[in-house]
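> Residue numbers (our numbering): 115 to 396. Even for Gly, the Cβ is constructed at its ideal location relative to N, Cα and C.
What follows is the structure in structure tokens.
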């Protein structure tokens, strides 16, 4: 049985993570493993006492140790509560095979271990600490997308059952991987599809787009495909805002990390600007 990993942190996005994970699981008859990772505790706490007298310092260190132990216990209890709530929501959505995983350590290290027998990661666009007013993304989101070896579904704030999707196609390897995945997947069966290339039309690009459209049509999809001039971020985000599509599918980080740091990343901007879930392929 296929397995989906749902990353939850107790934020408002955790509900949509569960709902989208359930939607995928029910359509492909998969199990869901709900995962919550507790970060490593700050080792610098041992230096908080400073250069004060020995007796006072010893007392303070004892108090700090007690506080640290209490916080660790609280974090464990809170983590278990988050997982219990997530499991209950998934089961109420109709998923029968649900497991939970509470880990302590680095999120990426734990995720890479967990995803060895999984084929999808589901994560919310923003976490507990994200600034909604400035559209900040969750601090772990880009790390997860860049590190994960399997597709990553970034959820919107609230669940809406998808009926159509927009596939941003640039002819690259990750975009072709997305087309092939969709063509073989039960998840997208019956959904309306549009293939969109944002670039100067050329014979090579048109042929690549026609080939991608043919792959989806042969798999039974009703497909509309088009090439549009303009800035990819602006064109794709406007299409997503049109209300015609319930999900964006695209390749992730086609350029090197260094280049993305210099000129920005279409992937990051799409996730930040789009109010619909985004399925990313590496």
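Give the secondary structure of residue 208 by DSSP, where H, G and I count as helix, E and B as strand, and everything else as coil.
Within the chain shown, residue 208 is the residue found at index 94, counting from 1. The answer is coil: DSSP assigns residue 208 none of H, G, I, E or B.
> Give a yes or no on whether the C-beta atoms belonging to residue 292 and residue 280 are separated by under 8 Å.
Along the chain shown, read from residue 1 onward, the residue named residue 292 stands at position 178. Along the chain shown, read from residue 1 onward, the residue named residue 280 stands at position 166. Not in contact: residue 292 and residue 280 (Cβ atoms no closer than 8 Å).
> Nearest-angstrom Cα distance between residue 373 and residue 236?
Taking the first residue of the chain shown as 1, we reach residue 373 at position 259. Taking the first residue of the chain shown as 1, we reach residue 236 at position 122. Because the pLDDT at residue 373 is just 38, under 50, the model does not fix this residue reliably, and the point stays unresolved.
> Rounded to the nearest angstrom, what separates residue 331 and residue 198 at their Cα positions?
Locating residue 331 in the chain shown gives position 217, where the first residue counts as 1. Locating residue 198 in the chain shown gives position 84, where the first residue counts as 1. Cα to Cα, the separation comes out at about 42 Å.
> Ends of the alpha helix (DSSP H) at residue 119?
Taking the first residue of the chain shown as 1, we reach residue 119 at position 5. It is not in any alpha helix (DSSP H) - residue 119 instead sits in the beta strand (DSSP E) that spans 117-121.
> According to DSSP, residue 288 sits in a beta bridge with which residue or residues?
Start at 1 with the first residue of the chain shown, and residue 288 comes out as number 174. Bridge partners of residue 288: none, in fact.
> Check whether the stretch 221-238 and the stretch 352-365 touch, using three or more Cβ-Cβ pairs below 8 Å as the test.
no
> Pairs of beta-carbons, one from the stretch 324-343 and one from the stretch 257-274, closer than 8 Å: are there three or more?
They do not touch, by the three-pair rule.
> Keeping to the same chain, check which residues put their C-beta closer than 8 Å to that of residue 205; ignore five residues upstream and five downstream.
If you number the chain shown from 1, residue 205 lands on position 91. Taking C-beta separations shorter than 8 Å and ignoring five residues to either side along the sequence, the partners of residue 205 in its chain run 212, following chain order.
> Rank 343, 341, 270, 329 by C-alpha distance to the C-alpha of residue 390 and give the top, closest one.
Sequence index remark: in the chain shown, residue 390 carries index 276 (1-based). For the residues 343, 341, 270, 329, the minimum Cα distance to residue 390 belongs to 270.
> In this structure, what does DSSP give as the bridge partners for residue 306?
Along the chain shown, one-based indexing puts residue 306 at 192. Its beta-bridge partners are 278.
> What span of residues does the beta strand (DSSP E) with residue 339 cover, start to end?
As a working note, residue 339 is residue 225 in the chain shown. Here the beta strand (DSSP E) through residue 339 covers 337-342.
> Nearest to residue 352 by CA position, among 326, 384, 188, is which residue?
Counting from one through the chain shown, the residue named residue 352 turns up at place 238. Residue 384 is the option with its Cα nearest to residue 352.
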